Amino acid sequence: MNVRPLIPTAVTAGAAALGLLALSACSTADASDGREDGKLKVVASFYPMQFLAERIGGDHVKVSTLTKPGVEPHDLELKPRQAAQLEKAGYILYLKGVQPAVDTAIEKTDIDHKTDAAKLTDTGLHPEKAEKAGKPEADAHDHGAEKDGHDHGTEGDGHGHEQGAKDDGHGHDHGDGDPHIWLDPLKYAQVADGVGAALAKADPDNAADYRKNAAALSGELKALHASFEQGLKNTATRTFVTTHSAFGHLAERYGLKQEGIAGIDPEAEPSPARIKELQTVAKSDRVTTVFFETLASDRTAKTLAGDTGLRTDVLDPLEGITEKSKGRDYFEVMNANLTALKTALGAK
């Protein structure tokens, strides 16, 4: 008869305890190096950055956002747990100039891999480019890969655009630029290329996938640009009125004129003089529509529209996706924006 040796209970319990300790140690190490369940922990400041991180990171990243759906990102105030969330990240993606509280918190972090998307493209507005947009002679300069003397998607270009390490403070001098760069598909494509390079540096084992995903997304964005360019080429008017002056880059790209009721702050109240000025512009420029957005009040837009006999519609600055959004992601909402603009501008 075979007799199986007895293993003392204490030994078994000890082995189990050692196993649990080992698992705990692995989990702790995983968390301390910016990973969770083997994936790179990415913190994005708000939806346009979240979208890039998810599309480019794919299955290799676990993305969380500081700005929940339905929250107006400009007004975000961080809670202590969100600040702690930043410290545990393996990679942070944000856009300086949109959320002051986020900018301040990120400056205080000691994370090795963080990218300010504003350093990956030009956030400045250039009225002379808006005048040329859509004309054949402008195409070679404005509608390609932003030939401004900077290679935005390439590592080691000496300008600080690819920020695999800590922010280095170089890049473009943005001055009083407009941070809403994601509303210009070509500028957003530049940012996508830069994020792909930065993720590759933060997580070298998956570098090839990040670069491939970034290139694919960049291609989709260039196709979206082509749709906007074609759709807005011939219109009855080039002027649109909106409550939130978020569309400066889009207007510049396609030769349009944005008339904001307020400024960059969507909650700012216009002065009586500004309202009177807009009434004059609406008449002289044959404006048909006053646009408002989904994350802010439409009261001012409806008041102006009522006073001038205009219609209202949504032009979404894509700062967040909610059930009110005309689409489930960036591309669907941007195509809805294109449809709204074509209708409002009288596209032929």
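In this text, residue positions in the sequence shown follow numbering that gives the first Met the number 0: the first is 0, and each later residue adds one. Think of the CB as a built atom: it goes at the ideal place given N, C-alpha and C, for glycine as much as any other residue. Predicted model, so just to flag it, every value in this text is computed and none were measured.
Checklist entry - For N205, which residues of its own chain have a beta-carbon under 7 Å away from its beta-carbon, when the five flanking residues on both sides are left out? => result Excluding residues up to 5 positions away in sequence, H59 lie with their Cβ nearer than 7 Å to the Cβ of N205 in the same chain.
Checklist entry - How about the stretch 310–318 and the stretch 272–283: do they share at least three Cβ pairs that are nearer than 8 Å? => result The count of Cβ pairs closer than 8 Å, one atom from the stretch 310–318 and one from the stretch 272–283, stays below three, leaving the stretches out of contact.
Checklist entry - In terms of residue numbering, what span does the alpha helix (DSSP H) encompassing A43 cover? => result For A43, there is no enclosing alpha helix (DSSP H); the enclosing beta strand (DSSP E) has its first and last residue at K38 to A43.
Checklist entry - Can you tell me where the beta strand (DSSP E) with Q257 in it begins and where it stops? => result Looking at the DSSP string, the run of the beta strand (DSSP E) that includes Q257 is K256 to G259.
Item to check | Alpha carbon of E318 to alpha carbon of P72, nearest angstrom | outcome: Distance between the alpha carbons of E318 and P72 is about 7 Å.
Next on the checklist: On the DSSP bridge list, what partners appear for D115?
Outcome noted: BP columns for D115 point to Y93.
Checklist entry - Residue range of the alpha helix (DSSP H) that T307 falls in? => result Note, T307: alpha helix (DSSP H), R298 to T307.
Checklist entry - Does DSSP put A225 in a helix, in a strand, or in coil? => result Helix at A225.
Checklist entry - D138: buried (16+ other C-beta within 10 angstroms of its C-beta) or exposed? => result Here D138 scores only 40 on pLDDT, less than 50, and its place in the model is too uncertain to base an answer on.
Checklist entry - Taking C-beta to C-beta, are L119 and Q189 nearer than 7 Å? => result Taking 7 Å as the Cβ cut-off, L119 and Q189 qualify as a contacting pair.
Checklist entry - If you check the beta carbons only, do I110 and A88 fall under 7 Å apart? => result Closer than 7 Å, so yes.
Checklist entry - What's the C-alpha gap between D284 and R237? => result Cα to Cα, the separation comes out at about 8 Å.
Item to check | With 16 other Cβ atoms within 10 Å as the buried cut-off, status of S244 | outcome: Its Cβ being crowded by 16 or more others within 10 Å, S244 is buried.
Checklist entry - Name the DSSP bridge partner or partners of V240? => result In the DSSP output, where bridge partners are listed per residue, V240 has E258 and V289.
Checklist entry - Using CA coordinates, which residue listed in K78, L337, T302 and A191 is at the minimum distance from I55? => result In terms of Cα proximity to I55, the closest of K78, L337, T302 and A191 is A191.
Checklist entry - What's the gap between the Cα of T307 and the Cα of K232? => result The C-alpha of T307 lies about 27 Å from the C-alpha of K232.
Checklist entry - Which residue's Cα is closest to the Cα of T66: A116, Y93, E86 and T242? => result Checking every option, the nearest Cα to that of T66 belongs to Y93.
Next on the checklist: Contact defined as beta carbons within less than 8 Å: I believe E292 pairs with D315. What is the distance between those atoms, to the nearest angstrom?
Outcome noted: About 6 Å separates the two Cβ atoms, so the contact holds.
Item to check | Alpha-carbon spacing of E331 relative to L216, whole angstroms | outcome: Each residue's Cα considered, the two are about 14 Å apart.
Checklist entry - In whole angstroms, what is the alpha-carbon distance linking A207 and M48? => result Rounded to whole angstroms, the gap between the alpha carbons of A207 and M48 is 21 Å.
Checklist entry - Which residues in the same chain have their Cβ closer than 7 Å to the Cβ of E125, if we skip the five residues on either side of it in sequence? => result First, the residue type needs correcting, since residue 125 is His and not Glu in the sequence shown. Here H125 has E251 as same chain residues with Cβ atoms under 7 Å from its own Cβ, once five neighbours each way along the sequence are excluded.
Item to check | Beta-bridge pairing of K61 - partner residues as DSSP gives them | outcome: According to DSSP, which records beta bridges pairwise, K61 is partnered with K40.
Checklist entry - My guess is that T241 and Q257 are in contact by the Cβ rule of under 8 Å, so how many angstroms apart are they, rounded? => result With 8 Å as the limit, T241 and Q257 qualify as a contact, their Cβ atoms being about 6 Å apart.
Checklist entry - In three-state DSSP terms, what is D177? => result In the structure shown, the three-state DSSP call for D177 is coil.
Next on the checklist: Within a Cβ cutoff of 7 Å, which residues of the same chain sit near G57, ignoring the five residues on either side of it in sequence?
Outcome noted: Within the same chain, G57 has close Cβ partners D208 and N212.
Checklist entry - Going along the chain, which residues of its own chain have a beta-carbon closer than 7 Å to the beta-carbon of G176, five neighbours each way excluded? => result Within the same chain, T122, G123 and L124 come within 7 Å of G176 by CB-CB distance, once the 5 residues on both sides are set aside.
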